[in-house]
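Just so you know, we're using the numbering used here here: the sequence shown kicks off at 689 and counts up by one.
The C-beta atom is built at its ideal place from N, Cα and C for all residues, glycine as well.
Have a look at the structure below before the remarks.
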Amino acid sequence: MDIKKQNNESDNSYIARLYKNKTAMGYTNKRISEIINKELGTNYAESTLRGVAKYYLEGYDDGFEKALVENDNNAILEENKKVLKEIEIKTIQCQDQKREARNFLRIEARWEHLKDEMVKAIKELEKVKPIVFQEPNTIKEEDYSQATLILSDWHLGMINNTSHNYYNIEVARNRAEELAYYVAKYCKRHKVKILNIEIAGDMIHGLIHLGTRVNSEEDSISQTMIVSEILSDLINKISKEVENVNVYGCLGNHSRVSANIKDNIEVENFERIITWYIRARLEKLKNVKIYDNFENDIITYKVFDLNICCVHGHKEKLGEAIDDLSKFKKIFFDELHLGHWHNHKVSTDNNMKTIVNGSFGGSDEYAEDHRKTNKPSQTLIIYNPKGQECIYDISLDC
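In structure tokens, the structure reads:
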């Protein structure tokens, strides 16, 4: 058999002919490739030449072969793109999950560090200002009342000096003293055996707006520690007059860590520290119990046979709140207590009462600009076994 390329042969047909007849000629693949490269003046690898022969012998001419290769490559490329996209999506999802996990770890680490610092501060404070348990007066079981004190919107750290209200940290201390005096007085008058204190959010001014950062005396951490100590002092004084004190806490919107609400993680909120601080500071008071609910910011408890609910209010529509929360918790609430709105208000719908707390900090520049004002106040509600007995809207004039 002629091993030379024929005049009517293409390179591909020549390559295919020699590989097809290599056995009859007694040549190896290597020897065939050497003959072809010498004849064609090329330097192809043996495997390349063998591949050309294979595809040619399967019936493909040069043009069709080329088109097929290009189409195959395009199909493979598109498939690879799909696979790569799926891999990229999965990679991003894993990165997001890891980032969220790291965020929560970072948050917990931050709180733990802050708690450690507060423990040191509490121990030092205990040396100069100790909390000592004093047995309160006992009330006969058959003749007693219960009460709820709503504490909200202290905005501690805010500096305010308008025609209707002057407020800073020192004024906050004075108002807290005045409030403790009146709460103890009214609890004694009504023979209150159990007092429920709701810490209902926005206890610090925080940093959620540029204006709050400009008009603040202290940073958010300092605000948190100061208000926690003022609250501890207030509860300590009241506990000397009331046999049992239950303290509940939920989160407001002014105390979030991130100023940008879109970047905010719900649990990143300085008010998480407040009930923890109070618990540590008042651990010697046998008649004070501290509770908090930061999972969904909804406080629930019973007063006699009444179901009570408390939230800060920044997530609620005022006219629909008690109905929505009853459906959400699947509990029929007799009363809903809110802060946030800075204006004391009581409304009733189908025997369900909604009580909005006043603002401890009082009216500010924003309210003044909208021609609104109100006296600083907090709300005390007295209950007897038949239901709500009276409401004190305690004005704080100092």
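Where does Ser-833 sit, in a helix, a strand or coil, going by DSSP? strand
Taking the alpha carbon of Val-933 as the reference point, which residue from Phe-1016, Phe-958, Tyr-979 has its own alpha carbon closest? Tyr-979
CB-CB under 6 Å to Ile-723, same chain, minus the five flanking residues each way: which ones, in chain order? Ile-691
Starting from Asn-700, follow the alpha helix (DSSP H) in both directions and report where the run begins and ends. 699-708
Based on the DSSP secondary-structure assignment, which residues constitute the bridge partners of Tyr-999? For the sequence presented, residue 999 should be read as Val rather than Tyr. Leu-1026, per the DSSP bridge assignment.
Rounded Cβ spacing between Ile-1082 and Tyr-854 (contact assumed at less than 8 Å): Ile-1082 to Tyr-854, Cβ: 19 Å. No contact.
Buried or exposed for Met-913, please, with buried defined as at least 16 other CB atoms from any protein chain shown within 10 angstroms of its CB. buried
So, with DSSP's three-state summary, where would you put Thr-826? coil
Backbone secondary structure at Asn-934 - three-state DSSP: strand
Buried or exposed: where does Arg-790 fall if 16 or more other Cβ atoms within 10 Å of its Cβ makes it buried? exposed
Tyr-732 by DSSP, collapsed to three states: which one? coil
Thinking just about the alpha-carbon of each residue, which of Ile-885, His-1030, Glu-1008, His-1028 is nearest to the one in Phe-1021? Glu-1008
Here's the rule I'm using: 16 or more other beta-carbon atoms within 10 Å means buried, otherwise exposed. How should Ile-923 be labelled? buried
Identify, in the order they occur along the chain, each residue of the same chain with its Cβ nearer than 7 Å to the Cβ of Leu-867, setting aside the five sequence neighbours on each side. Leu-922, Gln-1066, Ile-1082, Leu-1084
Cβ distance (whole Å) where Leu-973 is taken to contact Phe-821 below 8 Å: 5 Å
In whole angstroms, what separates the C-alpha of Asp-841 from that of Glu-1004? 16 Å
Could you tell me the distance, in whole angstroms, from the CA atom of Ile-966 to the CA atom of Asn-1038? 37 Å
Specify the secondary structure class of Leu-973 as computed by DSSP and reduced to three states. coil
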